[in-house]
Amino acid sequence: HTAGEIVVVVARACDEYGSAGWRLGVSLAALVFAGLLAFAPPLAGWIYLAAQAAALAVAHAVARIDAVRRLLLAQPLVLARVAERARHAFAANGLAGTRHRTGILLFVALLERRVVVLADEGIDRALDPNESWQQVVDLAVEGLRRGGAADAVDALEAAIRRCGEILARHVPAPDRNPDELPNRVVL
6 HTAGEIVVVV ARACDEYGSA GWRLGVSLAA LVFAGLLAFA PPLAGWIYLA
56 AQAAALAVAH AVARIDAVRR LLLAQPLVLA RVAERARHAF AANGLAGTRH
106 RTGILLFVAL LERRVVVLAD EGIDRALDPN ESWQQVVDLA VEGLRRGGAA
156 DAVDALEAAI RRCGEILARH VPAPDRNPDE LPNRVVL
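Those letters in the sequence shown? Residues 6 to 192, by the working numbering.
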C-alpha cells in the first residue's frame, strides 16, 4: 500500500566491545588482590599473580554473556556504534538508490537492544514536521527487551506494519509499484 521500500537489517552486535571484558577483568583482579592482601596470610608472589590471572580469565568469560556485556557498555559508545552501523547498512543495501528516494531502513541491533529507523529524503519530505519514527522504534524495542525470540519477532512484525501504515498515508503506492529492493530480512 506504499511506494516506500522497507528494508529490515538485523545485526547480532554493532561492535566487539572488547574493552568491556578488560574493564571487568581488571576490576575483578584488583578485588581479588585486595581481598588476598586483607584476608589471607602472606602468600608467595606467584599465588597473587595466579589469582589475578584467574580473575581476569573468569571476568572475560562472564563478559561474553550478553546480559552482562550490556551492563558493562557505556551508552554513548553504544549509541555511536549503532548509529554508525545503521548508516552503513543504509548505504550497503542500496536504500538511497530507489527511483523516488523512498527507501527506509529498520535497523535492529540485538546485543544493544536498539532500533534505528532511517528514511531517505523522499520519505522525510513527505512526513509532517511533527512526526517521527519513535512509535516504530518503541514497538520493536519492546519485544527485544522482553528477551524471547518469539517476542522479538512479533514486535518486529508490529513495527514493520506500523511503518507501512505511516508510509501508506504519506507515500501511497502508485498504480504500478514494482519492488526496487529485495523483500527479505538482511542478517
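Here a beta-carbon is modelled for each residue, glycine too, at the ideal position from N, C-alpha and C.
Remember, it's a predicted structure, so these values are computed and weren't measured experimentally.
Measure the C-alpha to C-alpha separation of residue i and residue j and round it to an integer number of angstroms.
i      : j      : result
Arg167 : Ala101 : 22 angstroms
Ala16  : Glu89  : 12 angstroms
Leu41  : Pro47  : 8 angstroms
Tyr126 : Ala56  : It should be pointed out that residue 126 corresponds to Glu in this sequence rather than to Tyr. If I take the Cα positions, the gap works out to 57 angstroms.
Arg150 : Leu144 : 10 angstroms
Glu136 : Phe95  : 21 angstroms
Ala157 : Gly148 : 4 angstroms
Val190 : Val12  : 7 angstroms
Leu111 : Asp133 : 19 angstroms
Leu82  : Asp180 : 45 angstroms
His65  : Ile171 : 44 angstroms
Asn188 : Asp159 : 18 angstroms
Cβ atoms of residue j and residue i: under 8 angstroms apart, would you say?
i      : j      : result
Asp71  : Leu33  : no
Ala178 : Ala8   : yes
Leu78  : Val113 : no
Val176 : Ala131 : yes
According to DSSP, residue i sits in a beta bridge with which residue or residues?
i      : result
Ala163 : In the DSSP output, where bridge partners are listed per residue, Ala163 has none listed.
Leu144 : The partner list for Leu144 (beta bridge, DSSP) is empty, contrary to what the question assumes.
Pro177 : Thr7
Val31  : Answer is none; Val31 lacks a bridge partner.
Hey, could you find the ends of the alpha helix (DSSP H) residue i is sitting in?
i      : result
Leu110 : That residue, Leu110, is in no alpha helix (DSSP H); its beta strand (DSSP E) goes 108-114.
Ile52  : 50-67
Glu89  : 80-97
Arg104 : No alpha helix (DSSP H) holds Arg104; DSSP gives it neither H nor E.
Gly153 : No alpha helix (DSSP H) holds Gly153; DSSP gives it neither H nor E.
Leu186 : Careful: Leu186 lies outside any alpha helix (DSSP H) and carries neither H nor E.
Leaving out five residues on either side along the sequence, give the residues of the same chain with a beta carbon under 8 angstroms from the beta carbon of residue i.
i     : result
Ala97 : none
Arg28 : Leu77
Report all residues from its chain with a CB closer than 6 angstroms to the CB of residue i; omit the five preceding and five following residues, and keep chain order.
i      : result
Arg192 : In the sequence as displayed, the identity of residue 192 is Leu instead of Arg. Cβ within range, chain order: Val15.
Gly26  : His65, Ala68
Between which two residues does the beta strand (DSSP E) containing residue i stretch?
i      : result
Val12  : 10-16
Ser122 : The sequence given here places Val at residue 122; Ser does not occur at that position. Here the beta strand (DSSP E) through Val122 covers 119-124.
By Cβ distance below 7 angstroms, which residues in the same chain neighbour residue i in space, the five residues on each side in sequence not counted?
i      : result
His105 : Ala8, Gly127
Gln140 : Arg167
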